[in-house]
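Data first, discussion second: the structure below is written as structure tokens.
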Amino acid sequence: MAAEYDAFCKDDPVHKAADHEEKLLSESDAVTVEITGEGFKELVPGVDMGDELVCSVKGFDTIDFSQLSNKAEDIRYDPLCAVFNSFAEVSGCKGCFKITATHCETKEIDFRPDIALYPDDVPLATEAYLREVTKDNPNVARCAWAWMIMALEVKCKDEDAGYGFEVAITDAHSRARIPLFRNTPRGRQSRAQFVKYACEIMQRQHRTHVYSIYITSSAVRFFRFDRAGCIVSAPIDLRSQFALFRDITYRLLNLSSKDQGFDDTVSLASPDLLRTLRACRPKGKPYLEQLYHDHLTPNKHLYPIYQVTCPVVSIGDAAQIAPVDHAGNPLPPEQRTYLIGKPVTTRSSPTGRCTRGYMAFEVEMRRMVFLKDQWRAAPRRPELDVYRRLHSRIQDESSRKYIATPIAGGDIDGQRTDSQDFMNHLDSRLRPVERVHTRLITKEIGRPLETYHGSYELIKFVRHAFTGMHRYCLSLSAG
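Heads up, the sequence shown is in our numbering, so the first residue is 103 and it goes up one at a time.
See the structure below:
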């Protein structure tokens, strides 16, 4: 079984590149902003823990962090798991905290957080994180990026952390300014690893944002990552500020799925849809057959099949005719369902467009199509509008064949980044722009450019692209 998992992840991962960690830091550090602990609490929707529940949760008073590093790895995090699970038990969270430090997902995807929050009400998720794990310690689980709600990193010593944590008291009413980043070689490596957790969760799941926790012997920091940047709390003392830690943790565990960052237009595919997908396997086209095998029948624990709803779009003359009801009121666009699994193309980055391309199965039309998912800069025109404009200008059907045909997509209501709103202190040239989650579905199935089979095929692809743009320019001059 383990060999099957590792074979499925045989592609050379980007995260193993020699310069990947430095690239991560150069990108993420520039768009990471620190706010107060109270400010972070206000960022998390919800209410504080009621007095009647306070006595039900555990604190850190009995944990000796200096001894954790001396214990066997499979039990060193047990005391921390007990604290966080005591919060999960009194909250509305349908999940549990598990120790993932000792069981990586596969040999290729070998990085993992120390502790992770997983759902305990999704059978497929439970199968994934309990796969091939001994039952000696019920707190231990396997790292399963496709199912992780939240990642926790633990450092027994403050100097091993990637961020500043020493909460130095200067007088009775103030605290010394703690540097946000610890830029020692060990600190940079630790910070890059932590950022990589958020990247992997957002790459493997369908999330608008991700919360994470970084904890040391003296303090804790809370993080919120989205595609514009990262918001991080100032260090919160685990003892003198336990009430603040308690309230933020309680709020996080009571969040709805949407507020936790899960895309509400995406859900696990139903058994009926999975049967339909298996029955519609493409035949007679080797390339499509291979794509189907690699990306729509993946290992269900690593890349589960999801169903996505998108509005249908019209092009050409039909785009000018809006559907109306009998009273003349505009009708909402028709929705179609698409099944997606492992992305064909992706970018291992925490911020930016973060484009992912999927071979998708359109349920209603029983056909294979291509779904492009990205976070566009809000000031820029959606790619869907560009394709619609191209098709509206080019009337010759023989010329349209050089341009992909949009069939569905658009911006997703309410899915925009928030981090940029906390960075108004940055120079306008450095401040990240607001980003909008958008999708584009085309009838033609895209291929990564590097998969060309020879110089002739590569030149043909480039020629088609230039021909399409040339025909468009001719249509403009003719108009």
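Cβ atoms here follow ideal geometry from the backbone N, Cα and C, with glycine treated the same way.
Does the Cβ of residue i have 16 or more other Cβ atoms within 10 Å, making it buried, or fewer, making it exposed?
{"i": "Thr164", "result": "exposed"}
{"i": "His205", "result": "buried"}
{"i": "Met470", "result": "buried"}
{"i": "Lys385", "result": "exposed"}
{"i": "Glu136", "result": "buried"}
{"i": "Thr138", "result": "exposed"}
{"i": "Leu551", "result": "exposed"}
{"i": "Phe296", "result": "buried"}
{"i": "Lys387", "result": "exposed"}
{"i": "Arg178", "result": "buried"}
{"i": "Ile333", "result": "buried"}
{"i": "Glu255", "result": "buried"}
{"i": "Phe563", "result": "exposed"}
{"i": "Pro281", "result": "exposed"}
{"i": "Met571", "result": "exposed"}
{"i": "Cys301", "result": "buried"}
{"i": "Tyr440", "result": "buried"}
{"i": "Ala263", "result": "buried"}
{"i": "Met467", "result": "exposed"}
{"i": "Cys245", "result": "buried"}
Please work out which residues of its chain come closer than 6 angstroms, Cβ to Cβ, to residue i, disregarding the five sequence neighbours upstream and downstream, and give them in chain order.
{"i": "Phe186", "result": "Phe199"}
{"i": "Phe472", "result": "Thr544, Ile547 and Gly548"}
{"i": "Asn356", "result": "Gly148, Ser193 and Gly194"}
{"i": "Arg353", "result": "Val146 and Gly148"}
{"i": "Tyr299", "result": "Pro215 and Ala253"}
{"i": "Gly511", "result": "Cys412, Leu486, Arg541, Leu542 and Ile543"}
{"i": "Arg458", "result": "Pro445, Thr448 and Asp475"}
{"i": "Phe568", "result": "none"}
In three-state DSSP terms, what is residue i?
{"i": "Glu586", "result": "Outside the shown range of the chain (103 to 581) lies residue 586, about which nothing can therefore be said."}
{"i": "Cys301", "result": "helix"}
{"i": "Arg483", "result": "coil"}
{"i": "Gly289", "result": "helix"}
{"i": "Phe463", "result": "strand"}
{"i": "Glu552", "result": "helix"}
{"i": "Thr439", "result": "strand"}
{"i": "Val159", "result": "coil"}
{"i": "Asp513", "result": "strand"}
{"i": "Asn543", "result": "According to the sequence displayed, residue 543 carries Ile and not Asn. Strand."}
{"i": "Asp166", "result": "coil"}
{"i": "Ile137", "result": "strand"}
{"i": "Thr447", "result": "strand"}
{"i": "Lys209", "result": "coil"}
{"i": "Val185", "result": "helix"}
{"i": "Thr569", "result": "helix"}
{"i": "Lys143", "result": "helix"}
{"i": "Leu219", "result": "strand"}
{"i": "Asp427", "result": "Note that Asp427 scores 46 on pLDDT, short of 50, meaning its location in the model is unreliable; the coordinates nonetheless yield the value given after this. Of the three classes helix, strand and coil, the one that applies to Asp427 here is coil, per DSSP."}
{"i": "Ile496", "result": "coil"}
{"i": "Ile333", "result": "strand"}
{"i": "Ile201", "result": "strand"}
{"i": "Asp624", "result": "No answer is possible for residue 624: it lies beyond the span of the chain, which begins at 103 and ends at 581."}
{"i": "Lys257", "result": "coil"}
{"i": "Ile561", "result": "helix"}
{"i": "Arg518", "result": "strand"}
{"i": "Leu226", "result": "helix"}
Keeping to the same chain, check which residues put their C-beta closer than 7 angstroms to that of residue i; ignore five residues upstream and five downstream.
{"i": "Glu616", "result": "Outside the modelled stretch of the chain, which goes from 103 to 581, sits residue 616, for which no answer is possible."}
{"i": "Leu340", "result": "Phe162, Ser320, Ala321, Val322 and Phe347"}
{"i": "Asn241", "result": "Asp180, Cys183, Lys200 and Ile201"}
Once you ignore the five residues that flank residue i on each side, which residues in its own chain have a CB closer than 8 angstroms to its CB?
{"i": "Arg518", "result": "Ala480, Glu536, Arg537, Val538 and His539"}
{"i": "Gln437", "result": "Thr411, Cys412, Pro413 and Val414"}
{"i": "Phe344", "result": "Gly161 and Phe162"}
{"i": "Ile423", "result": "Note that Ile423 has pLDDT 42, beneath the 50 cutoff, so the model's placement of it is unreliable and the number below is only indicative. Here the set comprises Ser416."}
From residue i to residue j, what distance separates their C-alpha atoms?
{"i": "Tyr316", "j": "Phe325", "result": "8 angstroms"}
{"i": "Leu219", "j": "Leu542", "result": "32 angstroms"}
{"i": "Glu154", "j": "Arg329", "result": "38 angstroms"}
{"i": "Ala243", "j": "Leu182", "result": "15 angstroms"}
{"i": "Ala230", "j": "Thr351", "result": "25 angstroms"}
{"i": "Thr553", "j": "Gly443", "result": "20 angstroms"}
{"i": "Asp349", "j": "Lys143", "result": "7 angstroms"}
{"i": "Lys53", "j": "Trp249", "result": "Residue 53 is absent from the structure shown; the chain starts at 103 and stops at 581."}
{"i": "Arg531", "j": "Ser188", "result": "45 angstroms"}
{"i": "Glu559", "j": "Arg491", "result": "28 angstroms"}
{"i": "Glu261", "j": "Glu210", "result": "29 angstroms"}
{"i": "Asp222", "j": "Thr208", "result": "22 angstroms"}
{"i": "Ile217", "j": "Ala203", "result": "7 angstroms"}
{"i": "His311", "j": "Trp247", "result": "15 angstroms"}
For chain C, find out if any of its Cβ atoms is closer than 8 angstroms to the Cβ of residue i; answer yes or no.
{"i": "Arg383", "result": "Absent from the structure: chain C. Only one protein chain is present."}
Alpha helix (DSSP H) runs contained entirely in the region 371-402, provided each spans 4 or more residues
373-381 and 388-397
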